[in-house]
Amino acid sequence: SITFTGLQITRGSVQVSAYSPAAAGTYCLVSSWGSSAVNVRCFDKGGQATDCRYLVTVFGVGYNKPSQIVAYVWANNQTSASYTPSTAYSYNAGGGAVIAKRSAVGTYQLTFGGSSFTARGNMMVSTYGSKERCIVKSWSGSSINVQCTNTAGAAADSRFLLAVADKGITTQAKILAWTWADKANSGSYTASPSYSFNGGGGAIKISRSAVGTYAVDFTGTVITFGQVQITAYNDNRSCSVSSFSGSRVNVD
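Quick note on this note's numbering: the sequence shown kicks off at 3 and runs consecutively.
Below, the structure is given as structure tokens:
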């Protein structure tokens with residue numbers, strides 16, 4: 003449990019990512035949040051509870067001292083030794099190039115030229131289009147290291163989405179929308195306005211087409227480009243972003 007003294011987070015949204023030196027295949031999820039506390043559970047590759055370091059980010063509206071998203075990237079070429087990710091799906095408040103490198107199976111480094119993440123900021127990582135699990139391994143200077151494994155805990159190549167939150171930095175990135183999808187078995191429902199936000203102004207509709215397959219529609223918001231993050235809630239499962247386009251985010 004983490005207590006953010008003086009902060010009321012009864013509403014809003016929360017993200018969590020496992021952090022090195024977690025054992026291969028380890029993942030963390032948000033089990034609950036309320037008042038000023040966030041409760042987190044972490045599991046090993048076999049689904050058993052385990053101790054693990056982790057990173058937590060809280061989103062909300064109406065706060066007078068907010069942090070911001072200062073960098074993000076969609077690392078979509080999981081087997082390339084080095085490449086420049088698409089500028090449509092990456093942002094760097096530092097102004098320099100974003101470079102992705104792969105040094106071994108499942109081992110990646112993202113460098114945001116001109117940025118400095120030493121002893122500040124917070125990281126979020128979500129797998130994209132696969133069942134692999136990715137964690138933040140470390141960060142220093144302008145570089146962030148990510149490790150990905152399969153569900154058995156073996157190193158595995160994976161696409162992923164990475165975002166950085168920080169304060170006191172001029173940035174053009176904006177958090178457009180968020181939601182808590184709290185009805186796992188419902189065919190279709192509207193997200194609770196207490197735990198969701200849509201900058202587009204429309205309703206947030208969540209639908210389930212098959213076991214573990216969901217779509218979230220943020221009516222009025224265009225998220226064809228940019229960044230999406232996801233965290234499982236209060237269940238021994240891991241989720242990934244399968245795709246996003248228009249106003250829809252697809253989740254597996």
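Using N, Cα and C, we set each Cβ at its ideal position, and we do this for glycine too.
Looking only at its chain, what residues have a beta carbon closer than 8 Å to the beta carbon of W182, apart from the 5 residues adjacent to it on each side? Your numbering for residue 182 matches position 180 in the sequence shown. Excluding sequence neighbours, W182 sits near S15, A193, S194, Y197, S198, Y235.
How should N124 be labelled, buried or exposed, when 16 other C-beta atoms within 10 angstroms of its C-beta is the threshold for buried? The residue given as residue 124 occupies position 122 in the sequence shown. With 16 or more Cβ atoms within 10 Å of its Cβ, N124 is classed as buried.
With 16 other Cβ atoms within 10 Å as the buried cut-off, status of R135: Taking the sequence shown and counting its residues from 1, the one referred to as residue 135 is at position 133. The residue in question, R135, is buried, as its Cβ has 16 or more Cβ neighbours within 10 Å.
contact_flag[the segment 225-232, the segment 86-93] where n(CB pairs < 8 Å) is 3 or more: yes
I4 to A51, Cα distance in whole Å? By one-based count along the sequence shown, residue 4 stands at place 2. By one-based count along the sequence shown, residue 51 stands at place 49. Going from the Cα of I4 to the Cα of A51 covers about 18 Å.
To the nearest angstrom, report how far apart T62 and G170 are at their CA atoms. Locating residue 62 in the sequence shown gives position 60, counting from the first residue. Locating residue 170 in the sequence shown gives position 168, counting from the first residue. Thr is not the amino acid found at residue 62; the sequence shown has Gly there. Those two C-alpha atoms are separated by around 18 Å.
Between which two residues does the beta strand (DSSP E) carrying T215 extend? Residue numbering aside, residue 215 sits at position 213 when the sequence shown is read from its first letter. Note, T215: beta strand (DSSP E), 215-220.
Member of S19, F45, S34, A26 whose CA lies at the smallest distance from the CA of T12: Here residue 12 refers to the residue found at position 10 of the sequence shown. With respect to the C-alpha of T12, the residue from S19, F45, S34, A26 having the closest C-alpha is S34.
Quick test of your reading: K103 and S242, contact by CB under 8 Å. State the CB separation rounded to the nearest angstrom. Mapped onto the sequence shown, residue 103 falls at position 101. Mapped onto the sequence shown, residue 242 falls at position 240. Not quite, the Cβ-Cβ distance comes to about 22 Å (not below 8 Å), so this is no contact.
Spatial neighbours of G180 within its chain, please: CB distance less than 6 Å, with the 5 preceding and 5 following residues excluded, ordered by chain position. Residue 180 sits at position 178 when you count from the first residue of the sequence shown. With the sequence shown as reference, residue 180 is identified as Trp, and Gly is not the correct amino acid for it. Result list for W180: S15, F61, F199, in chain order.
Tell me which same chain residues have a C-beta within less than 6 Å of the C-beta of V18, skipping the five on either side of it? For this step, residue 18 is matched to residue 16 along the sequence shown. Excluding positions up to five away in sequence, the list reads C30, V32, V42, Y56, V58, T233.
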